[in-house]
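Numbering (full-length UniProt numbering), first residue to last: 1 to 148.
Encoded as structure tokens, the structure appears first; notes follow it.
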């Protein structure tokens with residue numbers, strides 16, 4: 001084989017590798033073989049990646065090479081779900097009660113009674129001017145104030 005033939009073969013191979021690297025988003029159309037080799041070397045071999053997802057969830061496939069034998073399975077409706085029981089205590093702010101990671105949902109939520117320290121003060125009409133100097137009271141917004 002002549003030197004010209006070898007150069008042509010190597011350039012064709014480089015262009016094929018370059019085109020695939022561009023398609024895969026790991027190289028540019030002007031990368032050298034050395035640069036392409038470095039990029040290809042950086043592709044992590046993930047082997048067989050498997051995941052289980054619940055209904056409505058998504059799974060992000062990790063970047064890298066996969067050998068094609070991995071699986072993603074889902075739990076269909078009516079499946080054997082891992083549910084969680086939770087307890088909450090009322091507060092003045094909205095609470096979102098959601099299952100912890102690894103649970104498919106909530107089996108029940110127990111709401112504790114309103115703590116004794118919470119009082120309805122919305123009907124209070126007193127202001128700081130109405131209260132004796134130095135005496136402490138709670139106004140209708142729930143703010144602790146001192147009389148003047």
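Note that the Cβ used here is the ideal one computed from N, Cα and C, for glycine as well.
Q. With contact counted as at least three CB pairs below 8 Å, one residue from each stretch, are the stretch 78-89 and the stretch 97-111 in contact?
A. yes
Q. Can you list, in chain order, the residues of its chain whose CB lies under 7 Å from that of residue 18, leaving out five sequence neighbours each side?
A. Along the chain shown, one-based indexing puts residue 18 at 18. Excluding sequence neighbours, residue 18 sits near 27, 29, 31 and 36.
Q: Below 7 Å CB to CB, which residues in the same chain sit around residue 48 once its five sequence neighbours on both sides are set aside?
A: Looking up residue 48 in the chain shown gives position 48. Same-chain partners within the cutoff: 67, 69 and 70.
Q: Over the uninterrupted alpha helix (DSSP H) stretch that includes residue 8, give me the two end residues.
A: Position 8 of the chain shown, counted from the first residue, corresponds to residue 8. Its alpha helix (DSSP H) spans residues 3-24.
Q. For residue 148 versus residue 137, is the C-beta distance shorter than 8 Å?
A. Taking the chain shown and counting its residues from 1, one reaches residue 148 at position 148. Taking the chain shown and counting its residues from 1, one reaches residue 137 at position 137. Contact: no.
Q) Do you know offhand how far residue 14's Cα is from residue 53's? A) Here the question's residue 14 lines up with position 14 in the chain shown. Here the question's residue 53 lines up with position 53 in the chain shown. Distance between the alpha carbons of residue 14 and residue 53: 41 Å.
Q) When we look at the beta-carbon of residue 123 and count the other beta-carbons within 10 Å, is it buried (16 or more) or exposed? A) Here residue 123 refers to the residue found at position 123 when the chain shown is read from its first residue. Answer is exposed; the Cβ neighbour count stays below 16.
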